[in-house]
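Student: Quick note, the sequence shown lines up with residues -32 to -1, 1 to 305 if you use mature numbering (1 follows the signal peptide of the UniProt record, and there is no 0). Glycine included, C-beta positions come from ideal geometry on N, C-alpha and C. To start, I am sharing the structure in question, which I have written as structure tokens.
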Amino acid sequence: MSRTSLAVSRRQLLGTAAGLAALSLAPRALRAATPVKVAAIYTVPVEQQWVGRIHDAAVAAAARGEIEYVYSESVSNSDYERVMREYCEAGHDLLLGEVFGVEDAARSVAMDYPDTAFLMGSSFKPDPQYPNFSVFDNYIQDASYLSGIIAGAMSKSGNIGMVGGYPIPEVNRLMHAFMAGAREMNPDIAFQVAFIGSWFDPPKAKETAFAQIEAGADLLYAERFGVSDAAQEKGILAIGNVIDTQKDYPETVVASALWHFEPTLAAALAKIADGSFAAEDYGVYSFMKEGGCSLAPLGTFEGKVPDEAMDLVAQREQEIRSGAYTVEIDDSEPKSS
């Protein structure tokens, strides 16, 4: 096992401010007779923004008494299957994680443990062969689109840099939505798109961002940690992704598209409680109309974004929530333009 093993980790006991804030996002407590035993396996540290949102939701559910929660972080792909099997053998009811690099191995584990529920971040769809293996992804294109509107209004050079981890669907769709929003304000805006080949390499992301700034970008889309640091050092603006980092970069991060994992986890726990858990795609629970994503408060940039952009943001958000407007989901690899 990783250093957290099967014991409750010190991080879990301390929790996080974001996890406590997430309490308001969750529905009423489940009526399960006992807390669901949940184990999570992460390939990166829980500080990483995507994994951090899953972790925060689980910490909050544990604080409410809905689950018992343990986790392992920084688990390599080559060790992932072993850790999964150890948690299954320990009798956990639900396994959480992200299996983008270990799809086949993860599904083979699910087949060997049919009485365990698996809810895994994945680029693939559920398969009837694995009836206890459900998938999710951060379909936060709605919030990404709204943040793009703000970016398009705030960029003076009409040149935006975008730094992502890998060009996989979960990243691609957010970038495309962001770009579509920016073009609402400036149809001729240009984008520099780069991928660093890592989910957690802030120095590399920072250096890539520096290169985009040198090439004329005056605003950066920070899909990875490290990008906002580059923007801050060079005195330009940035748009955040998945978590709200405005407090860390009060003069840099204008807005962020937030992911709320709480609805996804709540749906899975409800199905486990009533015995209906099956192979499903939980992606819809990340949609704005389901409470799975939102645009972060502007904080120090309140009143600094042009009224035209904010009016459009308000209009589109209302239309998205009502179903009158749908943000396109484009999973193809975005290109510089």
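(1) Report the option in S102, D298, V161 whose CA atom is closest to the CA atom of L237.
(2) List the DSSP bridge partners of G184.
(3) Apart from the five residues just before and just after E36, which ones in its own chain have a Cβ nearer than 6 Å to its Cβ?
(4) What beta strand (DSSP E) runs, 3 residues minimum, are completely inside the region 158 to 220?
(5) Short of 6 Å in beta carbon distance, which residues of its chain neighbour H60, apart from the five on each side in sequence? Order them along the chain.
(6) Quick check: the Cα distance between I240 and G165, rounded to an integer number of angstroms?
(7) Just reading off the beta strand (DSSP E) that E66 is part of, what are its end residues?
(8) Look up Y250 in the DSSP assignment and say whether it is helix, strand or coil.
(9) Please determine, among E152, A158, V222, the residue with the shortest C-alpha to C-alpha distance to L271.
(10) Apart from the five residues on each side of it in sequence, which residues of its chain come closer than 8 Å, Cβ to Cβ, to D298?
(11) Taking only three categories from DSSP, how would you classify S102?
(12) Buried or exposed: which applies to Q286, given that a residue is buried once 16 or more other Cβ atoms fall within 10 Å of its Cβ?
(13) Roughly how far, in whole angstroms, is the beta-carbon of E57 from the beta-carbon of G89, given that I think they are within contact range, below 8 Å?
(14) Are V161 and K174 closer than 8 Å when you measure CB to CB?
(15) May I have a chain-ordered list of the alpha helix (DSSP H) segments no shorter than 4 residues that lie completely inside the region 70 to 114?
(16) Relative to the C-alpha of W18, which candidate in F255, W167, R32 has its C-alpha closest?
Tutor: This is what the structure holds:
(1) Indexing the sequence shown from 1 puts residue 237 at position 269. By alpha-carbon distance to L237, the top candidate from S102, D298, V161 is S102.
(2) For the purposes of this step, residue 184 is taken as residue 216 along the sequence shown, with counting starting at 1. Among the bridge pairs identified by DSSP, G184 is matched with none.
(3) Counted from its first residue, the sequence shown places residue 36 at position 68. When the five nearest sequence neighbours on each side are left out, the beta carbons in the same chain lying within less than 6 Å of the beta carbon of E36 are those of P3, K5, in order along the chain.
(4) Counting whole runs of 3 or more residues, the region 158 to 220 contains the beta strand (DSSP E) stretches 158 to 163, 187 to 190, 205 to 210.
(5) Counting from one through the sequence shown, the residue named residue 60 turns up at place 92. For H60, the CB contacts under 6 Å within the same chain, skipping 5 residues up- and downstream, are K5, A7 in chain order.
(6) Here residue 240 refers to the residue found at position 272 when the sequence shown is read from its first residue. Here residue 165 refers to the residue found at position 197 when the sequence shown is read from its first residue. Looking at the two C-alpha atoms, the distance is approximately 36 Å.
(7) Here residue 66 refers to the residue found at position 98 of the sequence shown. Note, E66: beta strand (DSSP E), 62 to 66.
(8) The sequence position of residue 250 within the sequence shown is 282, counting from 1. For Y250, the three-state secondary structure derived from DSSP is coil.
(9) By 1-based counting over the sequence shown, the position of residue 271 is 303. A small correction: the amino acid at residue 271 is Gly; Leu does not occupy that position in the sequence shown. The residue among E152, A158, V222 with its C-alpha nearest the C-alpha of G271 is V222.
(10) In the sequence shown, the residue the question calls residue 298 occupies position 330. Same-chain partners within the cutoff: N140, R141, H144, A145.
(11) Stepping through the sequence shown from its first residue, residue 102 is reached at position 134. Here S102 sits in strand by DSSP.
(12) By one-based count along the sequence shown, residue 286 stands at place 318. Taking every protein chain shown into account, the CB of Q286 has fewer than 16 other CB atoms within 10 angstroms, so this residue is exposed.
(13) As a first step, residue 57 must be located in the sequence shown, where it is residue number 89. As a first step, residue 89 must be located in the sequence shown, where it is residue number 121. Contact annotation, E57 with G89: C-beta distance approximately 22 Å; criterion of less than 8 Å not satisfied.
(14) Within the sequence shown, numbered from 1, the residue matching residue 161 stands at position 193. Within the sequence shown, numbered from 1, the residue matching residue 174 stands at position 206. Cβ atoms of V161 and K174: not closer than 8 Å.
(15) DSSP runs (the alpha helix (DSSP H)) wholly in the region 70 to 114: 71 to 80.
(16) In the sequence shown, residue 18 corresponds to position 50, counting from 1. Among F255, W167, R32, the Cα nearest to that of W18 is on W167.
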